[in-house]
Every structure is written in C-alpha cells, then in structure tokens.
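Chemist:
Number of protein chains: 2
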Amino acid sequence: MDERTKQKYEARARVIKAMAHPSRLFMVDELSRGERCVCELRDMIGADISTVSKHLSVLKDAGIVEDEKRGLQVFYRLRVPCILNFFGCVEDVLIANARRMSATIRK
Amino acid sequence: MDERTKQKYEARARVIKAMAHPSRLFMVDELSRGERCVCELRDMIGADISTVSKHLSVLKDAGIVEDEKRGLQVFYRLRVPCILNFFGCVEDVLIANARRMSATIRK
DNA sequence: TTGTTAGTTGGCAAAATAACCAAATAGGTC
DNA sequence: GACCTATTTGGTTATTTTGCCAACTAACAA
Chain A
726 MDERTKQKYE ARARVIKAMA HPSRLFMVDE LSRGERCVCE LRDMIGADIS
776 TVSKHLSVLK DAGIVEDEKR GLQVFYRLRV PCILNFFGCV EDVLIANARR
826 MSATIRK
Chain B
726 MDERTKQKYE ARARVIKAMA HPSRLFMVDE LSRGERCVCE LRDMIGADIS
776 TVSKHLSVLK DAGIVEDEKR GLQVFYRLRV PCILNFFGCV EDVLIANARR
826 MSATIRK
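Printed below as a string of structure tokens:
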C-alpha cells in the first residue's frame, strides 16, 4: 500500500473515528433534528459539561459539526447531513447480528 | 437518556468503532470487491499477519464480515454490503474539510 | 465592578487500543 | 509420523482515548 493510499484511509478513518462513541453518535443523531446548544446536549446525555464540550470538539475537528455562539450559548449543528446515512446501515448490521445470535442459540 | 437508549447508541458505536481504523477501512473497501484470504490482505497492508488477523476479528465480532476456511486459507467477505454507503459520505466530509481549509488559508 | 451563567481548556488517572513477537492450532504434503 | 504453511491466540509495551475536576474566558446583568 503506497503512501498516498495510506493517507487516504487515514483521513477517512479520522472522520469515522470521530463518530465511534455512543455519546457522539447520539449528538449527531440529535443534531440531525436541528441545532442544539451544549447545555441541551449535556442535559440529554447526563455527563459533565466539559466532557460534552470535548466530544463536540472532536466532531467539530472532524468536520462533522459546526458551531455558532449566540449570547451565552454555543449552538452546534450538522455540517454534512449525509452522515445520517450511516445509521440505516449500522442498523442493518445490528439486525443481522441479532438474527445470527438467535440462530446460534437455537443450535 | 434512559438505559435502553444508551444501549442502542452503544450497540451502534460498536459497529462504527470496528471501522474506525485505516487498515480495517481498507479491508472493508477491498472486500467490497470480493472475498480475500488473510494472506492477501496482509500483503496489501504490509503489517504482521497477527495484526491483520486481529483487525479481521474486530470486523467479524462487529458483524461486518464473515469468514470461511477452505483448505489452509481463511477467506473473509463483507456480510452487509451497505457498509459501503459510508464511504460516499465520509468523502463528502473530507471534501468539505478541504474547502474549509483552503478558505481559511485565504483569509 | 461584582456576580452569574455557558462553555472551553489543562491536567491527570483509568481504561481501551494497537502492533509486534512467540507459541499454539489446523490443514496439507511427503 | 515429521514437516510445511496459513492463521489465531496470548502476552507485553506503547499510545490513545475517556471522563472528571479545577481553572479560565466570554457574554450579559445588577
């Protein structure tokens, strides 16, 4: 694998890695319904606000969300809505896994 | 966030996390073109075969690939082809990022 | 200017990942 | 059986990721 190809997959992996956490996945899903401020997400997730803020900055660094400060609050929104296509397929994988599990149990 | 919701996002995150590595992303891409044995993937990736094997077992545990032993070799193939939809959107994010970068530089 | 609220940043300890080597296993060949 | 080859598994070390707390900044209000 040449250097250029390697870099291509590293760049892709950075984006996917940014979503590879339950809280961040939840944020993406929630932001798909419209912008939210950090405090709203903190209330929904129930973690320390500094934790939520860091998760959001991971998504922001990956280019998945963007932020806008209005008054005291910072609102985040999805920058690339197609990111939602992920969920459909991930769900398919989970459904297939569930089927496999029950098939295994029956054996 | 109630326990059930939390578990839903944890399950999704496990699938996405399984793809969140350059080598594993490459494997998924490569397997989309047809099944490959471990040694073929090792040759393409250039890592130790034990490393490649462990990456494949991560994908397998997540339900993304399945394996079949034939003779001495073990062949892996995609179990859920829709996983490829990921790439299109990830690419969109990267393109948007590149635009943002050059816009920032111009400032 | 003092206080209050919303959010970010730095630092730290715990947990999870990654890559390699060595050893074990499994399928074949001689 | 002895001997390859392909792959998996166990163990170790290095690196990265997480989550919390405390300290800091920004916007606004009294």
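Those protein sequences? They're chains A and B, same order as listed. Position one of the first sequence corresponds to residue 726 (this note's numbering), numbered consecutively onward. Position one of the second sequence corresponds to residue 726 (this note's numbering), numbered consecutively onward. Idealized CB from N, CA, C, for every residue including glycine.
Name the two residues that bound the continuous alpha helix (DSSP H) containing Arg795 (chain B).
Modeler: Translated into positions along the second sequence, residue 795 (chain B) becomes position 70. Looking at the DSSP string, Arg795 (chain B) is not in any alpha helix (DSSP H); the run it does join, the beta strand (DSSP E), is 790-795.
Chemist: Rounded to the nearest angstrom, what separates Arg737 (chain A) and Lys731 (chain B) at their Cα positions?
Modeler: Taking the first sequence and counting its residues from 1, one reaches residue 737 (chain A) at position 12. Taking the second sequence and counting its residues from 1, one reaches residue 731 (chain B) at position 6. In a straight line, the C-alpha of Arg737 (chain A) is about 26 angstroms away from that of Lys731 (chain B).
Chemist: Would Ser757 (chain A) be called buried (16 or more neighbouring beta carbons within 10 Å of its own) or exposed?
Modeler: Mapped onto the first sequence, residue 757 (chain A) falls at position 32. Exposed: under 16 other Cβ atoms inside 10 Å.
Chemist: Using CA coordinates, which residue listed in B:Arg761, B:Arg749, B:Lys794 is at the minimum distance from Phe812 (chain B)?
Modeler: The residue labelled residue 812 (chain B) in the question sits at position 87 within the second sequence. Out of B:Arg761, B:Arg749, B:Lys794, B:Arg749 has the C-alpha closest to the C-alpha of Phe812 (chain B).
Chemist: Output, in chain order, the set of chain B residues within a Cβ distance shorter than 7 angstroms of Gly759 (chain A).
Modeler: As a working note, residue 759 (chain A) is residue 34 in the first sequence. By Cβ distance, chain B contributes nothing, its closest Cβ being about 18 angstroms from Gly759 (chain A), past 7 angstroms.
Chemist: Taking Cβ positions only, does Arg737 (chain A) come closer than 7 angstroms to chain B?
Modeler: Translated into positions along the first sequence, residue 737 (chain A) becomes position 12. Yes, its Cβ sits closer than 7 angstroms to a Cβ of chain B.
Chemist: For Arg825 (chain A) and Thr829 (chain B), I'd like the C-alpha separation in whole angstroms.
Modeler: Sequence index remark: in the first sequence, residue 825 (chain A) carries index 100 (1-based). Sequence index remark: in the second sequence, residue 829 (chain B) carries index 104 (1-based). For Arg825 (chain A) and Thr829 (chain B), the distance between alpha carbons rounds to 48 angstroms.
Chemist: Which of the three DSSP states is assigned to Val805 (chain B) in this structure?
Modeler: Here residue 805 (chain B) refers to the residue found at position 80 of the second sequence. DSSP places Val805 (chain B) in coil when its eight states are reduced to three.
Chemist: Applying the criterion that 16 or more other CB atoms from any shown protein chain within 10 Å of the CB defines a buried residue, is Gly759 (chain B) buried or exposed?
Modeler: On the second sequence, position 34 is the one that residue 759 (chain B) refers to. With fewer than 16 other Cβ atoms within 10 Å, it is exposed.
Chemist: What number of angstroms, rounded off, separates the C-alpha of Met752 (chain A) from the C-alpha of Leu781 (chain B)?
Modeler: Residue mapping note: residue 752 (chain A) aligns to position 27 of the first sequence, counting from 1. Residue mapping note: residue 781 (chain B) aligns to position 56 of the second sequence, counting from 1. Going by the C-alpha atoms only, they are around 29 angstroms apart.
Chemist: Are the CB atoms of Arg818 (chain A) and Gly788 (chain B) nearer to each other than 7 angstroms?
Modeler: Residue numbering aside, residue 818 (chain A) sits at position 93 when the first sequence is read from its first letter. Residue numbering aside, residue 788 (chain B) sits at position 63 when the second sequence is read from its first letter. The amino acid at residue 818 (chain A) is misidentified as Arg; the sequence shows Val. Yes. Within cutoff.
Chemist: Helix, strand or coil for Arg767 (chain A), going by three-state DSSP, please let me know.
Modeler: Translated into the one-based positions of the first sequence, residue 767 (chain A) becomes position 42. If DSSP states are grouped into helix, strand and coil, Arg767 (chain A) belongs with the helices.
Chemist: Take the Cβ of Arg804 (chain B) as the centre, count every other Cβ of all protein chains shown within 10 Å, and call the residue buried at 16 or more, exposed below.
Modeler: As a working mapping, residue 804 (chain B) is identified with position 79 in the second sequence. Buried: at least 16 other Cβ atoms inside 10 Å.
Chemist: Given a cut-off of 7 angstroms on the beta-carbon distance, is the pair Gly771 (chain B) and Met744 (chain A) in contact?
Modeler: Stepping through the second sequence from its first residue, residue 771 (chain B) is reached at position 46. Stepping through the first sequence from its first residue, residue 744 (chain A) is reached at position 19. No, these two residues do not count as a Cβ contact at 7 angstroms.
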